[in-house]
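Quick note on this note's numbering: the sequence shown kicks off at 972 and runs consecutively.
Here a beta-carbon is modelled for each residue, glycine too, at the ideal position from N, C-alpha and C.
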Amino acid sequence: MWVIYISVTLRQRALHEQDIFQEGCLTEPIKRMSLVKPTLQTRFHIDFQWWQQNDRDWRVYLRSNLCPEHQRLFENVLTEEKVDWVDPETAEVQRVDGLQHLLITHCAKQKDFITQQSTLVDAAFRIFLANGNTPLTASELAEKLGKDPVMILRTLSGTRVYKGIRPCLD
Ligand SMILES: [Zn+2]
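Structural data, given as structure tokens:
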């Protein structure tokens, strides 16, 4: 009885790990998040898939990052459209959310997209949008943001995940 129970539990866990496996990070699904403590060398990125599954307000936040022109255009439109997007790291073509694509290819390329006034998380999120979601370490983010790398690492590796910014599992 117990043996069956344990094997079912293990199998469920294995399936879950498959779910959280992230395409962009060139990692293996076997490694568990809980066993890997992020360091200053750990690379982070926006895990869009995780974010969209775990934060009901992701679309509202994503919209708030659109440029004024696209804010107006999408004000009353509920787009669920998917488009093809080429991952900069793996050159793999992925189906991504239309809004996400618009942000990365247009709005994030606008002047003043990364502002000094944003909070740490907002500014980091915009850096990832602007670089096509290429993974960065806390040290690299610190350089771009002019902030303390240890503070950034502490923020991004806590129990709460901000705006889907999570460590790559490598
Ligand atoms: Zn735009």
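Whole-angstrom C-beta distance between residue j and residue i, which should lie under 8 Å
{"i": "K1053", "j": "V1067", "result": "7 Å"}
{"i": "F1015", "j": "L1127", "result": "5 Å"}
{"i": "A1109", "j": "I1123", "result": "4 Å"}
{"i": "R1034", "j": "L1070", "result": "7 Å"}
Where residue i falls, given that 16 or more other Cβ within 10 Å makes a residue buried
{"i": "N1104", "result": "buried"}
{"i": "T1076", "result": "exposed"}
{"i": "P1039", "result": "exposed"}
{"i": "N1036", "result": "buried"}
{"i": "E994", "result": "At E994, the pLDDT of 44 sits below 50, so the modelled position is not reliable; the number obtained from the coordinates is stated separately. E994 is exposed by the Cβ-count criterion."}
{"i": "T1010", "result": "exposed"}
{"i": "E1111", "result": "buried"}
{"i": "A1079", "result": "buried"}
{"i": "L1107", "result": "buried"}
{"i": "D1018", "result": "buried"}
{"i": "L1074", "result": "buried"}
{"i": "L964", "result": "Since the displayed the chain opens at 972 and closes at 1141, residue 964 lies outside it and no answer follows."}
{"i": "A1113", "result": "buried"}
{"i": "T1061", "result": "exposed"}
{"i": "T1013", "result": "buried"}
Chain D contact for residue i (CB, 9 Å cutoff)
{"i": "Q1042", "result": "The displayed structure is made up of one protein chain only, and chain D is not part of it."}
Can you list every residue whose CB sits closer than 5 Å to some heavy atom of ligand 1, going in chain order?
Every residue passing the under-5 Å Cβ criterion appears here: C1038, H1041, H1077, C1078.
Go through the stretch 1060-1138 residue by residue and report every complete run of the alpha helix (DSSP H) that reaches 4 residues or more, in order.
Listed in chain order, the complete alpha helix (DSSP H) runs (minimum 4 residues) inside the stretch 1060-1138 are 1069-1076, 1091-1101, 1109-1116, 1120-1127.
Take every Cβ of the stretch 1124-1139, pair it with every Cβ of the stretch 1082-1098, and state whether three or more of those distances are shorter than 8 Å.
Between the stretch 1124-1139 and the stretch 1082-1098, the count of C-beta pairs closer than 8 Å reaches three or more; the two stretches touch.
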